[in-house]
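In the numbering used here, the protein residues as written are 678 to 810.
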Amino acid sequence: MIVLDTTILSRVYRRAAPDLSNEVAMFIQLLEDDEPMAIPSIVLQEVLSGVRTDAAFEQLDQVLTGFPILFATRETHVAAARIRSRCRANGIAAATVDCLIAAHTILIEGELFTTDDDFKRIAKHNALRLFSV
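Below is the structure:
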């Protein structure tokens, strides 16, 4: 399963001008190939936050309804705390939200599709697998 990060969904759905990056092209290919993809619930919240109009919010929410949502459980939060502790022990400052996204990905044995380099640092000290374009 491919876990979608905020950076990818923002490039695909929130940019005013078309984004012709390799990541967007890969996302479109994954959709066309019907690859299993999911969105952590916190990513859903991040992507919907800051949408300027109610109409745009409703449209984006409707589009994202097609993706399964990964909801955090106690196990997810404990795993996220472990990830953050490992990072900290290795001199890496990892954001709590990023650790939660990483935990979701690790627990389902998925690959995180992101452009955020912070996840590369997290992956060095944890079992996080990153999707490569």
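Glycine included, every Cβ here is placed at the ideal spot set by N, Cα and C.
By DSSP's assignment, GLU752 forms no beta bridge with any residue. Assignment of LEU681 by DSSP, reduced to helix, strand and coil, places it in the strand class. Per DSSP, reduced to three states, the secondary structure at ALA715 is strand. When the five nearest sequence neighbours on each side are left out, the beta carbons in the same chain lying within less than 7 Å of the beta carbon of ASP793 are those of ASP682 and THR684, in order along the chain. Between ALA732 and GLN739, the alpha-carbon positions lie close to 11 Å from each other. Here DSSP, grouped into helix, strand and coil, assigns ILE769 to coil.
The beta carbon of ALA758 sits closer than 6 Å to none of the beta carbons in its chain outside the five residues before and after it.
Within the same chain, LEU747, ILE778 and HIS781 come within 6 Å of PRO717 by CB-CB distance, once the 5 residues on both sides are set aside. Just measuring C-alpha positions, the residue of THR750, ARG763, ILE769 and SER687 sitting nearest VAL720 is SER687.
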